[in-house]
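Student: One structure, as structure tokens, below. Some questions next.
There are 2 protein chains.
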Amino acid sequence: MRVGELSRRSGVSVASIKYYLREGLLPAGERTGPNQAAYGDDHLRRLRMIRALIDVGGLSVVATRDVLAAVDDPELPLFVALGRASGTTTAPEPSTDQDEAWEAAERALAAEVDARGWQVSDQNPAWATAVGVLATYARLGDEDLAGQLGLYMTTMEEVAEQEVAAVVDRGDRARTVEGVVVGTVLGDTLLGAVRRLAQQHQSLKLLGETPTHPRG
Amino acid sequence: MRVGELSRRSGVSVASIKYYLREGLLPAGERTGPNQAAYGDDHLRRLRMIRALIDVGGLSVVATRDVLAAVDDPELPLFVALGRASGTTTAPEPSTDQDEAWEAAERALAAEVDARGWQVSDQNPAWATAVGVLATYARLGDEDLAGQLGLYMTTMEEVAEQEVAAVVDRGDRARTVEGVVVGTVLGDTLLGAVRRLAQQHQSLKLLGETPTHPRG
DNA sequence: CGTGATTAGATAGCGGCACTGTCCGAACAA
DNA sequence: TTGTTCGGACAGTGCCGCTATCTAATCACG
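Residue numbers (the working numbering), protein chains in the order written: chain A, 1 to 216; chain B, 1001 to 1216.
Here you go:
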């Protein structure tokens, strides 16, 4: 398959494919001549993953490159790349404000983590993200929102247990890793959307109203 | 307070404040002369919220403007603006692919929603986002990931119940709405980070290892 | 075998976003 | 009075994610 067919089958323009090749998101095709290369089904699959991570997962091109590099490198711990990816998406800058609010937030999170016996590293980018959100709550005077943290941890503990269990032994190692990446990145999006729907449902339930535009 | 002090107290440059004023994120100060205006504590609070939504929540300036407009307008249904906001963050384009995968995904979601008796509108942007993720799973051949949907819905139903209950009757209506917005937008970020931490914890638990960089 | 489409690769350009810098004339602070 | 700050307008900047254009080589077809 040459680039034209790859473009037609993936729905991605040739120019964009060349761009992804340049940026290292897509491995080069197999050379068949000085200015000719052949692409396979794995290129097509990779291309679809790229579009999913960028369009649906909301990752930047650079974050996508890093995540995919971790997929390709069996040595690299996957959650590091995933943390980096989510960091890019949701916490553009945890800021260097190592101020009072930040330290109080970190203590609060550490207490909850210890209470549950979680084994987590504060090198995990998600740690700084969580602390940053908690600190922001405090700075905004919305400290009561931090009260949801325990609930979030309890529910995510169960969710993560199911997710990790579902992923162990999927057969092909490469495909497994791909599944983890897709499930993690797109799972954030799905979880957020489901939360929004649940909030609407619960709002209506609590206020005893019916939606303005019911489904169907 | 004039713009210089507002800048110093908020940590936002004067140029950026002027930019937010132009873009309608921040209401104009009270005029005290032909080229003089005074800002109050509510401007300072609004400015801090803007930075939180942009930096921590990852919203764009336009999305932030829309969300804040909904905060200011008691008529506008809040979840519409919030849906739009999250849509901007996580699902840049659900695409117009009303193809087979999309329709199958929509049927699957509708079935789950009906089974739980949720009252939700498919006008809610979160609906399209959720369907889009499900359809993407299918196109990538990761259909098994869709199996997590039920788990996500069950857990988010409980989370949303607590969140909605915590928000009802907070006293001041304007402050309540602000709390909802902050809790919803920043809550997405927090929930994602907690999920990442829980995944690390569960991975280590299942594989019986200890983190490379334990906290402390 | 010729002719037009396609290719790899390199480089330049574009449009959007989130600011940032500069200038003006007025006003405030010493 | 003199230096600083102000509001307002507008041009410019840097980054990002492509997109367009070019060249020389190769391919597909009659």
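The C-beta atom is built at its ideal place from N, Cα and C for all residues, glycine as well.
As the structure is a computational prediction, the values presented were derived from the model and not from experiment.
1. Going by beta-carbon coordinates alone, are T1136 of chain B and V56 of chain A separated by less than 7 Å?
2. Using a beta-carbon distance cut-off of less than 9 Å, what residues from the segment 113-132 of chain A approach chain B?
3. Taking R2 of chain A as the reference, give the member of A:A37, A:Y20, A:P27 with the closest Cα.
4. What residues in its chain sit with their C-beta under 7 Å from that of A1130 of chain B, if we drop five residues either side in the sequence?
5. With which residues is E1030 of chain B paired in a DSSP beta bridge?
6. Beta carbons nearer than 9 Å to chain A: which residues of the segment 1047-1074 of chain B have them?
7. Give a yes or no on whether the minimum CB-CB distance between V1185 of chain B and chain A is below 7 Å.
8. Is V12 of chain A helix, strand or coil when you go by DSSP?
9. Does V1159 of chain B come within less than 7 Å of chain A when only Cβ atoms are used?
10. Output, in chain order, the set of chain B residues within a Cβ distance shorter than 8 Å of V168 of chain A.
11. Please identify, using Cβ separations under 8 Å, the residues of the segment 1012-1025 of chain B that lie next to chain A, in order along the chain.
12. Alpha carbon to alpha carbon, how far is Y152 of chain A from L1191 of chain B? Give it in angstroms, no decimals.
13. Less than 7 Å between the beta carbons of S10 of chain A and L53 of chain A, yes or no?
14. Check whether the segment 185-200 of chain A and the segment 1114-1129 of chain B are in contact - that is, three or more C-beta pairs closer than 8 Å.
15. Between D42 of chain A and chain B, is there a C-beta pair that is closer than 7 Å?
16. For G1024 of chain B, which option in B:R1045, B:R1173, B:R1175, B:V1062 has the closest C-alpha, if you only look at C-alpha atoms?
17. Pick from B:A1104, B:Q1162, B:L1145: whose alpha carbon is nearest that of G179 of chain A?
18. Residues in the same chain with beta-carbon distance under 7 Å from V71 of chain A, minus the five sequence neighbours each way, listed in chain order, please.
19. By a C-beta neighbour count over all protein chains shown, 10 Å radius and 16 as the cutoff for buried, is E1103 of chain B buried or exposed?
20. Among the candidates B:R1065, B:V1014, B:V1167, B:A1198, whose CA atom is the shortest distance from the CA of D142 of chain A?
21. With respect to the alpha helix (DSSP H) encompassing S1203 of chain B, which residues constitute its N-terminal and C-terminal limits?
22. Our contact map puts A198 of chain A next to A1160 of chain B with C-beta atoms below 8 Å; I'd like the distance itself, whole angstroms only.
23. Would you kindly work out how many angstroms separate the C-alpha atoms of P1125 of chain B and S1060 of chain B, rounded to a whole number?
24. Please name the residues in the segment 143-157 of chain A whose beta-carbon is closer than 8 Å to at least one beta-carbon of chain B, in chain order.
25. Which word fits T1032 of chain B, buried or exposed, when buried means at least 16 other C-beta atoms lie within 10 angstroms of its C-beta?
26. So what does DSSP say about D1142 of chain B, is it helix, strand or coil?
27. Note down, in chain order, every chain B residue with its Cβ under 7 Å from the Cβ of A111 of chain A.
28. Measure from the C-beta of V182 of chain A to each C-beta in chain B and report whether the shortest distance is under 7 Å.
29. By DSSP, does R2 of chain A sit in helix, in strand, or in coil?
30. Can the beta-carbon of W1156 of chain B be found closer than 7 Å to that of R195 of chain A?
31. With distances taken between CB atoms, is the gap from E1112 of chain B to L1149 of chain B smaller than 7 Å?
32. Of the residues B:S1007, B:Y1019, B:K1205, which one's Cα is nearest the Cα of V120 of chain A?
33. Can you tell me which of the three DSSP states S1007 of chain B falls into?
34. Going by C-alpha distance, which of A:Y19, A:R173, A:A165, A:L140 is nearest H1043 of chain B?
Tutor: Quick look at the numbers:
1. Between T1136 of chain B and V56 of chain A, the C-beta gap is smaller than 7 Å, which places the two residues in contact.
2. Going along the segment 113-132 of chain A in chain order, one finds V113, D114, R116, G117, W118, Q119, V120, S121, D122, Q123, N124, P125, A126, W127, A128, T129, A130, V131, G132 with a Cβ nearer than 9 Å to chain B.
3. When only C-alpha atoms are compared, the closest one is A:A37.
4. These residues qualify, in order along the chain: L1109.
5. Answer is B:A1038.
6. So the close ones are R1048, M1049, R1051, A1052, I1054, D1055, V1056, G1057, G1058.
7. Output row for V1185 of chain B: interface = no.
8. In the structure shown, the three-state DSSP call for V12 of chain A is coil.
9. When Cβ-Cβ separations below 7 Å define contact, V1159 of chain B makes contact with chain A.
10. By Cβ distance, chain B contributes L1206.
11. Correct list: empty, as no residue qualifies.
12. Just so you know, the alpha carbons of L1191 of chain B and Y152 of chain A end up roughly 6 Å apart.
13. In this structure, L53 of chain A does not lie closer than 7 Å to S10 of chain A by Cβ.
14. Put simply, the segment 185-200 of chain A touches the segment 1114-1129 of chain B. At least three CB pairs are less than 8 Å apart.
15. Cβ-Cβ to chain B under 7 Å: no for D42 of chain A.
16. Minimum Cα distance to G1024 of chain B is reached at B:V1062.
17. Ranked by Cα distance from G179 of chain A, the first of B:A1104, B:Q1162, B:L1145 is B:L1145.
18. The beta carbon of V71 of chain A sits closer than 7 Å to the beta carbons of V177, E178, V181 from its chain, once the five residues preceding and following it are set aside; these are given in chain order.
19. The Cβ neighbour count for E1103 of chain B, taken over all protein chains shown within 10 Å, is under 16; the residue is labelled exposed.
20. Residue B:V1167 is the option with its Cα nearest to D142 of chain A.
21. Here the alpha helix (DSSP H) through S1203 of chain B covers 1173-1207.
22. A1160 of chain B and A198 of chain A do touch by the CB rule: their CB atoms are close to 4 Å apart, below 8 Å.
23. Cα to Cα, the separation comes out at about 17 Å.
24. Per Cβ criterion, the list reads D144, L145, G147, Q148, L149, L151, Y152, M153, T155, M156, E157.
25. Result: exposed.
26. Residue state for D1142 of chain B is assigned as coil, using DSSP reduced to three classes.
27. When 7 Å is used as the limit between beta carbons, A111 of chain A is near no residue of chain B, the shortest such separation being about 12 Å.
28. Output row for V182 of chain A: interface = yes.
29. Judged by DSSP in its simplified three-state form, R2 of chain A adopts coil rather than helix or strand.
30. Note that residue 1156 of chain B is Met in the sequence shown here, rather than Trp. Yes, the pair counts as a contact, with Cβ atoms nearer than the cut-off.
31. For the pair E1112 of chain B and L1149 of chain B, the CB atoms are nearer than the 7 Å cut-off.
32. Looking at the Cα atoms, B:K1205 is the closest of the given residues.
33. Three-state result, S1007 of chain B: helix.
34. Measuring C-alpha to C-alpha distances from H1043 of chain B to each of A:Y19, A:R173, A:A165, A:L140 identifies A:L140 as the nearest.
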